[in-house]
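Under the working numbering, the first residue of the sequence shown is numbered 871, with each subsequent residue one higher. Below is one structure, written out as structure tokens; the observations come after it.
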Amino acid sequence: MNYAYSLLTIVFLLVFATSCDDGHVDEKTYVYNTDSYNVQLSGNFTKANTWGGKYTLALCGFNETDKYATIAKSLSNIDGEATIKLSNIPPETKTVEIAVINILRERMATLYKYDISDTDNINDTIKINVGEMNLGMFAHINNNLFQGTKTSCSKCHSGNNPRAGLDLSTDKAYSSIVGVASTKSPDNLLVKAGDAENSFLYKVISVGDENIHYSHTQLMTDEQTMLDILKQWIEAGAKE
């Protein structure tokens, strides 16, 4: 009995001593990164839902050297007046862009760019108003391929007497190519919605054509991403 009583006493003392121990026990804490950015982008947006295929239109953050977004938020569902907030942007981010990205968040194209590298608004919300903006897939192609300075398609294909009867001036480009037969190959449409491989325009600038004496493939030597965007646009239905 004495042995049992002594053992019970020892256990009681150990429990009591442990419960009275005022030693500090560290707790795991999560520290909010106070160096992060918040961006609020507003404007009147149209045609955002025309991006199809393997690309996504998004509000993104990028650092100086990496072509992969540090953060991204899809814009595919915006229409009309809208405000988009991008929160907790990593501090290494230097630009906020409306960009076209692939599944890996790699930048394919930039539609709008805002430099935040020198901002004094860190720890606050940077407010950006872009006004009216056509975010359409065709608008990007028109601005950067047909009117672009690198390819200069409209330099020859515009005016009172456009080359090959093809007018690619800003306001006429879409109506001149989608569902329109080529003057050089009347049996083929310049752009056949849903079928890039059988669209004469795409064929001429991507692989050429053995049945014609000219090819525009040299224009696209350094524009492979744009060529792929053109293909995706046609495959997705060639929407204006």
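Glycine included, every Cβ here is placed at the ideal spot set by N, Cα and C.
Supposed close pair residue i, residue j - CB separation, criterion 8 Å
i       : j       : result
Glu1093 : Gly923  : Glu1093 to Gly923, Cβ: 17 Å. No contact.
Leu911  : Val1000 : 7 Å
Val909  : Thr995  : 7 Å
Gly950  : Ala939  : About 25 Å separates the two Cβ atoms, so there is no contact after all.
Short Cβ contact (7 Å threshold) for residue i with residue j
i       : j       : result
Val1048 : Ala1108 : yes
Thr1117 : Gly1006 : Past the boundaries of the shown model lies residue 1117; the chain is included only from 871 to 1110, so the question cannot be answered.
Ser946  : Leu927  : yes
Leu956  : Lys943  : yes
Leu929  : Ile968  : yes
Ala1115 : Tyr1072 : Absent from the model: residue 1115. The displayed extent of the chain is 871 to 1110, so no value can be given.
Asn1068 : Glu1002 : no
Rounded straight-line distance, which links the Cα of residue j to that of residue i
i       : j       : result
Arg975  : Asn1058 : 36 Å
Lys1116 : Ile941  : In this structure the chain extends from 871 to 1110, so residue 1116 is not present and cannot be described.
Ala1043 : Arg977  : 26 Å
Thr935  : His1027 : 37 Å
Pro961  : Ile998  : 18 Å
Val1061 : Asn1004 : 21 Å
Ile959  : Ile948  : 21 Å
Val1074 : Ser1045 : 19 Å
His1086 : Ser1076 : 8 Å
Gly1018 : Ser1024 : 8 Å
Lys1054 : Asp1037 : 14 Å
Thr1114 : Glu1110 : Given that the chain is displayed from residue 871 to residue 1110, the structure contains no residue 1114 and the question cannot be resolved.
Thr899  : Ser1022 : Per-residue confidence for Thr899 stands at a pLDDT of 38, beneath the threshold of 50, marking its modelled position as unreliable; the derived number appears in the next sentence. If I take the Cα positions, the gap works out to 57 Å.
Phe1008 : Met1096 : 11 Å
Pro1056 : Lys983  : 41 Å
Val966  : Ala918  : 18 Å
Ile973  : Asp1098 : 15 Å
Trp1103 : Ser1052 : 19 Å
Phe1070 : Thr916  : 28 Å
Tyr925  : Leu1089 : 23 Å
Lys1101 : Asn933  : 29 Å
Where the beta strand (DSSP E) containing residue i begins and where it ends
i      : result
Lys997 : Thr995 to Asn1004
Ala928 : Thr926 to Phe932
Unbroken alpha helix (DSSP H) run spanning residue i, endpoints
i       : result
Glu1110 : Careful: Glu1110 lies outside any alpha helix (DSSP H) and carries neither H nor E.
Ser1022 : Per DSSP, Ser1022 belongs to no alpha helix (DSSP H) and is neither H nor E.
Ile1075 : Phe1070 to Ser1076
Tyr1044 : Ala1043 to Ile1047
- Item | Inter-stretch contact at 8 Å, needing at least 3 Cβ pairs: the segment 1001-1017 / the segment 1029-1037 | Contact between the segment 1001-1017 and the segment 1029-1037 is absent, because fewer than three Cβ pairs lie under 8 Å.
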